[in-house]
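All remarks here apply to the structure that follows.
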Amino acid sequence: MNTRSVQVLRVVGRRALAAAAGARLGLAPRAESRQAAARQVRLACEELGPTFAKIGQLISVRPDVFPPELCFELEGLQDTMAPLSYAEVAQVIREEFGRDPEQLFATFDPEPTASASIAQVHRATLQEASRPVWGETMVAGSPVAVKVVRPGIERYIAADLATARRIVGWLSRFGAVRRWSIDGLIEELGTSLRRELDLRNEARVSDRFAFDFRDDSRVLVPRVVWGRTTRRVLTMEFVNGWRLSALNDAVRNGVDARGLAVHGARVFMRQVLVHGRFHADLHPANLLVTRDNRIAYLDFGIVGMLTSRERVAVAQILAALVFRDPERALRYSGELGVKIPAVKTAALSHGLSRLMDQKRAVGSVNGAEISAHSFTDGSSGDMGGDCACAVQRASLDVKDFGIGLLSLLARHEIEIPVGYGLLVKSLVTIEGVARALYPDIDIVETARPFVTRLLLQGMDGGGVSLKKYEAAVRAALRELTS
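Residue numbers in the sequence shown follow our numbering, run continuously in steps of one, and reach 1433 at the last position.
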């Protein structure tokens, strides 16, 4: 066993002992013990460097595989490293362009604005005008962010992945490791990191998002400077703004928190239900609020994708929730890649029915009190075009329902596609982000127009009037998100 393997095992062992100590002594309730264990995993990932930080990030977007406490703890993983020297940064730029930074940019700040595991970011200004793929031309002197991949990081990551494979092989004798398919996760991580190390991939995705929201002036996607972008260097528009951790400062400076929350949620729903591409790494560092009330999206390293058929399937599952139809929900889950053996359908249907029964959203239709069960058959769902539907908030939110569904599938050993885990995690995150800005936000109202259109497109029988169906859709969405 090499030196790095020994180092990794020492760190993992020390953190495991720290996590186990409280549980063995009975110093905390079981839930708190699980949270403490998750915290030790996060600290171990941070201590072991870039590869393990990335492993932690990948785990954080897999609530279909790992315990929810672990996923949400790793969402706060600090991906920071000691900064590179200016000489190291300049050498990478020379190798990519054949010129010094001072020859490529009007100004180049030798001090980094951020230093993470894969790359480091410096502020610079353009020497000449640049026309992006989408958006207005950036004039000479425009501020830009120059992202530079750490030299030698490819070899470092390859060595750490080899170490991780050896350790997983040793740990595979334990049931939990086999159940979580960590060996497959390591291979998935290798593929993800190889893609992330080529910064042109991030630039292309950024351009795609800029195109998707070219008609929305309140969405800011940094423009790419392709003339100063290569595999190891990415140059983009520099964005000034407040992180969500500095929200109070933003509000004091006149930012409309309520308006941003509502619009931000709509933007995410549009990503998922219209474009089928969604930013799947929406932690506070990747979202900025600008002085002119825009939302800036940064770092497109993790992106979820849905085909047209999958988007309609999501809408059909929502319809199944309207009519409290677990069989329909399971059938359309297959369109999202969830493979359910016929022998498990009955048990899953029963479990999903119980999950749907955990909450009744009581509201009113034309002044008469109703519950979700009012929509369980066609006659009671036919409320006509003048229906006024209002359903009060209840206890179950996106996080509770989403994690509950994933846990149900996991208990029955149903493998969940990566994209599904990304979607659930992203929905939970965007709900948290929106409520940080505006605690009373009604997420339902942001999703309703997109979901209604997709439901109508994907209905089995067709012939359902918009207004009649919209009322049921609103009730179902409130069941999911209020």
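Beta carbons: idealized from backbone N, C-alpha and C, even for Gly.
In this text the structure is predicted, and so the values were computed from the model without any measurement.
Where residue i falls, given that 16 or more other Cβ within 10 Å makes a residue buried
i	result
ARG1145	exposed
HIS1073	buried
HIS1301	exposed
ASP1308	exposed
VAL992	buried
PRO1292	exposed
GLY1215	buried
SER1008	The sequence given here places Gln at residue 1008; Ser does not occur at that position. Buried: at least 16 other Cβ atoms inside 10 Å.
VAL1294	exposed
SER1168	exposed
GLU983	exposed
THR1031	exposed
PRO1390	exposed
LYS1290	exposed
GLY909	With the chain covering only 952 through 1433, there is no way to say anything about residue 909.
SER918	The question about residue 918 has no answer here: the residues shown for the chain are numbered 952 through 1433.
GLY964	exposed
ASP1232	buried
GLY1027	exposed
LEU968	exposed
GLN1267	buried
THR1380	buried
GLN1054	exposed
ASP1276	buried
ALA1038	exposed
TYR1420	Any reading at TYR1420 needs caution, since the residue's pLDDT is 46, under 50, leaving its predicted position unreliable; the model's value is listed next. So TYR1420 counts as buried.
VAL1090	exposed
THR954	exposed
For residue i, the three-state DSSP class (helix, strand or coil)
i	result
GLY1255	strand
MET1032	coil
ARG1262	helix
VAL1213	helix
LEU1233	coil
GLU1364	coil
VAL1223	helix
VAL1218	helix
VAL959	helix
VAL1206	coil
GLN1119	Checking the sequence shown, residue 1119 turns out to be Val, not Gln. If DSSP states are grouped into helix, strand and coil, VAL1119 belongs with the helices.
VAL1170	strand
Segment limits, beta strand (DSSP E) that includes residue i
i	result
THR1180	Neither: THR1180 is in no beta strand (DSSP E) and is coded neither H nor E.
LEU1239	1238 to 1240
HIS1230	1228 to 1230
Limits of the alpha helix (DSSP H) - the one that residue i falls within
i	result
LEU1249	Taken as a continuous stretch (DSSP letters only), LEU1249 belongs to no alpha helix (DSSP H), as it is neither H nor E.
LEU1198	1198 to 1203
ARG1155	1150 to 1163
ILE1006	1001 to 1011
HIS1301	1293 to 1307
ARG1194	No alpha helix (DSSP H) holds ARG1194; DSSP gives it neither H nor E.
PHE1023	1019 to 1025
PRO1102	From DSSP, PRO1102 is part of no alpha helix (DSSP H); its letter is neither H nor E.
PRO1277	1277 to 1284
Problem - Sufficient close CB pairs (3 or more, under 8 angstroms) joining the stretch 1094 to 1107 to the stretch 1136 to 1156 - result: Yes, they touch.
Problem - Continuous alpha helix (DSSP H) assignments of at least 4 residues falling wholly in the stretch 1366 to 1416 - result: Here the runs fully enclosed are 1369 to 1388, 1394 to 1409.
Practice task
Would you mind listing the beta strand (DSSP E) stretches within the stretch 1037 to 1097 that are 3+ residues and don't spill past its ends, in chain order?
Solution key: Counting whole runs of 3 or more residues, the stretch 1037 to 1097 contains the beta strand (DSSP E) stretches 1056 to 1066, 1070 to 1077.
Practice task
Tell me, please, whether the stretch 1062 to 1079 touches the stretch 1158 to 1172 by the rule of three or more beta-carbon pairs shorter than 8 angstroms.
Solution key: In short, these stretches do not touch, since the Cβ pair count stays below three.
Exercise for the section: Could you tell me whether the stretch 1247 to 1267 touches the stretch 1394 to 1406, where touching means 3 or more Cβ pairs closer than 8 angstroms? Expected result: Result yes; three or more Cβ-Cβ pairs closer than 8 angstroms.
Problem - Touch test, the stretch 1113 to 1123 against the stretch 954 to 964, Cβ-Cβ under 8 angstroms, three pairs minimum - result: At 8 angstroms Cβ cutoff, the stretches touch.
Problem - Segment contact, 8 angstroms Cβ cut-off, at least three pairs: the stretch 1164 to 1179 with the stretch 1245 to 1252 - result: Judged by Cβ distances under 8 angstroms, the stretch 1164 to 1179 makes contact with the stretch 1245 to 1252, as three or more pairs qualify.
Problem - the stretch 1183 to 1195 touching the stretch 1034 to 1053, judged by at least three CB pairs closer than 8 angstroms - result: Yes, since at least three Cβ pairs between the stretch 1183 to 1195 and the stretch 1034 to 1053 fall closer than 8 angstroms, the two stretches touch.
Practice task
Please determine if the stretch 1363 to 1374 and the stretch 1192 to 1199 are in contact, where contact requires at least 3 C-beta pairs separated by less than 8 angstroms.
Solution key: Under the Cβ criterion (8 angstroms, minimum of three pairs), the stretch 1363 to 1374 does not count as touching the stretch 1192 to 1199.
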